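Taken in sequence, the protein lines are chains A and B.
Under the numbering used here, the residue at position 4 of the first sequence is numbered 4, and the numbers go up by one with no gaps.
Under the numbering used here, the residue at position 208 of the second sequence is numbered 1208, and the numbers go up by one with no gaps.
Every residue, glycine too, gets a C-beta built ideally from N, C-alpha and C.
Note that the coordinates shown come from a computational prediction; the quantities given were computed from them, not determined experimentally.
Structure, as structure tokens:
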Amino acid sequence: MKRCFFLLVVLSFVLLMGGVAFAQPEASITATATVLSPLTISGDQNLNFGDVLPGVNSSVDKATDAGTNAGKFSISGNPSSEINLEFTALPNALTNGANSLTISFSSTDAGHTTNTDGSSQTAFDPSASTTATLGTGGNLYVFLGGTVQPTHTQTAGTYTGTVTLQIYYTGN
Amino acid sequence: MRGSISFLTLFIVCGLCPLYSQASFAPVALYLDNAHRSGYILADNGTEKAQEVSIEFVFGYPVSDSTGKVTIFFPDSLTGAEPNAAPWLFAYPRKFRLEPYQRRKIRFIARPPQNLPVGEYWARPIITSTETRKLLTGGDQPRGIEAKVYFQIRSVLALSYRNGPVSTGIIIQGISAKAQGDSLVLLLDMERTGNAAYIGNAILRFVDSSGSVKRSITKQIAVYYTLRKRFDIDLAGLTPGEYVAEFELNTMRDDSPGNILQAAPVIKSVALTIP
């Protein structure tokens, strides 16, 4: 009996409180959010020639090596927007201290595609600017290959260099 | 509050990106004026590696070549007559280290000269981001030859500063067409009026003799002075006959709400025959 009385008291309290809550005047706040349109660029994969032999040229292909050693950039932004891509100041040598290793880029060593696996690339000359259109999902992938030419007397070591990719919306 | 939610929105947007993302910047276009001389861009490092970030300002604006390819023209030398805002724009901080998964504001402040003539002034903020790397020491050097190329990224954004009353408009100077393979290439030549850039859309509707729209293409346009824009129409499936190519230019852009100068729509058509 006591237990029934206790449950009745609790139930009454809940209903009373609920009623009080329902009877409160409505109040509201306004939440505003400005969706900013970002430009996201990532260097996903460095251009990596790995171990090379003295006197033996070594090349990385932008398409066949797309998933392994080719340089890869991912770009995301406004879907279907036009962007300009330009590799500024391509190096002609990689360095290791005072030593240098010749590197070259052909006129078809760069490519862009809306496929992340690097398929169906549109080739372009990495020493010239090009325009491309972001896919309907807002993505574009840029791949870069190249060739290093170690001499017969090339000093052992890790040779590195930097490639700069400049990107902008053309506003078109 | 509004800024906080904007920041949150960017965070959510960036959170959808893969974790190896290097750097995000938003918004990509910034508008200042003599009543609002500062603004900011959010930088986000979505990677587990720190980034060295630096900002510079240069003068530049979109131009097009004879084929309709659009690039940003960065003049090698300036005469002083250009609407160049770069010399009096400042970024805070100008150089910084963006730690892994860190987000921060880059504040832009305009300090224009006194008696600046009415008009719109332009600059391109260039944000350079480089992944920090550990320098190889003697003990790290391999016995063989190893070759690796690292990347640096330069994101070129847009900034406009409006001083006093500004307006924009556009004139279609001409429309030319030529067949190219299985496509019809239409070149639209435009010239901006007023004292500010025309930011908008160009809509092409390719209409047959019965009035039916057979093709429709919408492209964004940014006309700072003049611009040639290219439209490719796939002719596959179009029967020979008379057509009308109708171009509509408007300023109804949703990528920068509240900042796009509005102008009345402009429509112009040309008749074409597909043999």
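Length of the line joining the Cα atoms of residue i and residue j
| i | j | result |
| --- | --- | --- |
| residue 158 of chain A | residue 101 of chain A | 10 Å |
| residue 166 of chain A | residue 80 of chain A | 19 Å |
| residue 66 of chain A | residue 74 of chain A | 12 Å |
| residue 1084 of chain B | residue 1121 of chain B | 6 Å |
| residue 1185 of chain B | residue 50 of chain A | 45 Å |
| residue 104 of chain A | residue 52 of chain A | 15 Å |
| residue 1131 of chain B | residue 1087 of chain B | 28 Å |
| residue 1266 of chain B | residue 1175 of chain B | 14 Å |
| residue 88 of chain A | residue 134 of chain A | 21 Å |
| residue 1205 of chain B | residue 1040 of chain B | 38 Å |
| residue 85 of chain A | residue 1051 of chain B | 21 Å |
| residue 1070 of chain B | residue 1116 of chain B | 30 Å |
| residue 21 of chain A | residue 30 of chain A | Because residue 21 of chain A carries a pLDDT of 49, less than 50, the predicted location of this residue cannot be relied on, and no value is offered for it. |
| residue 1270 of chain B | residue 1222 of chain B | 23 Å |
| residue 1255 of chain B | residue 54 of chain A | 53 Å |
| residue 169 of chain A | residue 28 of chain A | 40 Å |
| residue 95 of chain A | residue 161 of chain A | 6 Å |
| residue 153 of chain A | residue 56 of chain A | 11 Å |
| residue 1075 of chain B | residue 1060 of chain B | 7 Å |
| residue 1233 of chain B | residue 1154 of chain B | 34 Å |
Proximity test, Cβ basis, 8 Å: residue i and chain A
| i | result |
| --- | --- |
| residue 1228 of chain B | no |
| residue 1033 of chain B | no |
| residue 1095 of chain B | no |
| residue 1180 of chain B | no |
| residue 1024 of chain B | yes |
| residue 1215 of chain B | no |
| residue 1264 of chain B | no |
| residue 1067 of chain B | no |
| residue 1154 of chain B | yes |
| residue 1105 of chain B | no |
| residue 1220 of chain B | yes |
| residue 1233 of chain B | no |
| residue 1146 of chain B | yes |
| residue 1243 of chain B | no |
| residue 1151 of chain B | yes |
| residue 1255 of chain B | yes |
| residue 1072 of chain B | yes |
| residue 1143 of chain B | yes |
Residues bridged to residue i [DSSP beta-bridge criterion]
| i | result |
| --- | --- |
| residue 134 of chain A | In DSSP, residue 134 of chain A forms no bridge with anything. |
| residue 62 of chain A | Beta-bridge pairing links residue 62 of chain A to no other residue. |
| residue 112 of chain A | A:122 and A:142 |
| residue 164 of chain A | A:88 and B:1152 |
| residue 1094 of chain B | Answer is none; residue 1094 of chain B lacks a bridge partner. |
| residue 52 of chain A | B:1145 |
| residue 998 of chain B | With chain B covering only 1001 through 1275, there is no way to say anything about residue 998 of chain B. |
| residue 1276 of chain B | What is shown of chain B runs 1001 to 1275, which leaves residue 1276 of chain B out entirely. |
Range of the contiguous beta strand (DSSP E) that encloses residue i
| i | result |
| --- | --- |
| residue 1215 of chain B | 1213-1223 |
| residue 1152 of chain B | 1145-1156 |
| residue 1199 of chain B | 1198-1208 |
| residue 1260 of chain B | Careful: residue 1260 of chain B lies outside any beta strand (DSSP E) and carries neither H nor E. |
| residue 1190 of chain B | 1183-1194 |
| residue 1174 of chain B | 1168-1180 |
| residue 1108 of chain B | 1103-1110 |
| residue 1086 of chain B | Counting along the chain, residue 1086 of chain B falls outside any beta strand (DSSP E), and DSSP gives it neither H nor E. |
| residue 1038 of chain B | 1038-1044 |
| residue 1072 of chain B | 1070-1073 |
| residue 106 of chain A | Where residue 106 of chain A is concerned, there is no enclosing beta strand (DSSP E), given that its DSSP letter is neither H nor E. |
8 Å Cβ cutoff, residue i in contact with chain B
| i | result |
| --- | --- |
| residue 148 of chain A | yes |
Chain E contact for residue i (CB, 8 Å cutoff)
| i | result |
| --- | --- |
| residue 1131 of chain B | No chain E appears in this structure, whose protein chains are A and B. |
Taking a cut of 8 Å between CB atoms, which residues from the stretch 35-52 of chain A lie near chain B?
-> Within the stretch 35-52 of chain A, the residues whose Cβ lies closer than 8 Å to some Cβ of chain B are 35, 36, 37, 38, 39, 40, 41, 42, 43, 44, 46, 47, 48, 49, 50, 51 and 52, listed in chain order.
May I ask you to list, following chain order, the residues of the stretch 59-79 of chain A that have a beta carbon less than 8 Å from some beta carbon of chain B?
-> The residues in question are 71, 73, 74, 76, 77 and 78.
If contact means a Cβ-Cβ distance below 8 Å, which residues of the stretch 1041-1062 of chain B contact chain A?
-> If you check each beta-carbon in the stretch 1041-1062 of chain B against every beta-carbon of chain A, the ones closer than 8 Å belong to 1042, 1044, 1046, 1047 and 1062.
Going along the chain, which residues of the stretch 153-172 of chain A sit with their C-beta nearer than 9 Å to a C-beta in chain B?
-> Taking a C-beta cut-off of 9 Å against chain B, the contacting residues of the stretch 153-172 of chain A are 154, 155, 156, 157, 158, 159, 160, 161, 162, 163, 164, 165, 166, 167, 168, 169, 170, 171 and 172, listed in chain order.
What residues in the stretch 77-96 of chain A have a beta carbon less than 9 Å from any beta carbon of chain B?
-> Those residues of the stretch 77-96 of chain A that come within reach of chain B (Cβ to Cβ, closer than 9 Å) are 77, 78, 80, 81, 82, 84, 86, 88, 91, 94 and 96.
Which of the residues in the stretch 126-142 of chain A, read from start to end, lie with their CB under 7 Å from any CB of chain B?
-> Hits within the stretch, in order: 129 and 131.
Please list the residues of the stretch 1153-1177 of chain B that have a C-beta atom closer than 9 Å to any C-beta atom in chain A, keeping them in chain order.
-> Within the stretch 1153-1177 of chain B, 1153, 1154, 1155, 1156, 1157 and 1158 place their CB atoms closer than 9 Å to a CB of chain A, listed in sequence order.
Of all the residues that make up the stretch 1178-1203 of chain B, which are near chain A by a beta-carbon distance shorter than 8 Å?
-> Listed by position, the residues of the stretch 1178-1203 of chain B near chain A (Cβ gap below 8 Å) are 1199.
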